[in-house]
Amino acid sequence: MLTQLTASRQMVLLAADRLDRGHPQASLYCAMATCFATDQSFEICNEALQLHGGDGYLNDYPLERWVRDSRVHQILEGTNEIMRVIIARHLLEKGGMLEQLL
Numbered sequence: 770m771l772t773q774l775t776a777s778r779q780m781v782l783l784a785a786d787r788l789d790r791g792h793p794q795a796s797l798y799c800a801m802a803t804c805f806a807t808d809q810s811f812e813i814c815n816e817a818l819q820l821h822g823g824d825g826y827l828n829d830y831p832l833e834r835w836v837r838d839s840r841v842h843q844i845l846e847g848t849n850e851i852m853r854v855i856i857a858r859h860l861l862e863k864g865g866m867l868e869q870l871l
């Protein structure tokens, strides 16, 4: 879980840096960070929910809210499917050459 969280944070920081510096591929980095971080967030929360069993669904613990919130973040700010379309479009525009994007 910690590895996923750290990788997500680093992707978000990289995307923010590219956006701040006006990088020509900033929208690509933002789409990748959004898609990756929200997917990982939901996966982490879902795994924690499974570790807690039935107690994870109780309102007594913050976990049930985290699961709901992480799921809705996959939908808000553009669905992850749309983020994947943006990423694919960038790849196709560059002829599938990943090296040119980085």
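To convert a position in the sequence shown, counted from 1, into our numbering, add 769.
Cβ coordinates follow ideal geometry from the N, Cα and C atoms, glycine included.
Taking residue i as the reference, give the member of the options with the closest Cα.
{"i": "residue 777", "options": "791, 804, 789 and 816", "result": "804"}
Just the C-alpha distance for residue i and residue j, rounded to the nearest angstrom, thanks.
{"i": "residue 836", "j": "residue 770", "result": "14 Å"}
{"i": "residue 848", "j": "residue 860", "result": "19 Å"}
{"i": "residue 851", "j": "residue 780", "result": "18 Å"}
{"i": "residue 853", "j": "residue 801", "result": "8 Å"}
How close, in whole Å, do the beta carbons of residue i and residue j come, if the pair is a contact with beta carbons under 8 Å?
{"i": "residue 825", "j": "residue 833", "result": "6 Å"}
{"i": "residue 856", "j": "residue 788", "result": "So it is not a contact: roughly 16 Å between Cβ atoms."}
Can you tell me whether residue i is buried or exposed? The criterion is at least 16 other CB atoms within 10 Å of its CB, across all chains shown.
{"i": "residue 784", "result": "buried"}
{"i": "residue 807", "result": "buried"}
{"i": "residue 819", "result": "exposed"}
Cβ of residue i within 9 Å of Cβ of residue j?
{"i": "residue 839", "j": "residue 814", "result": "yes"}
{"i": "residue 830", "j": "residue 842", "result": "no"}
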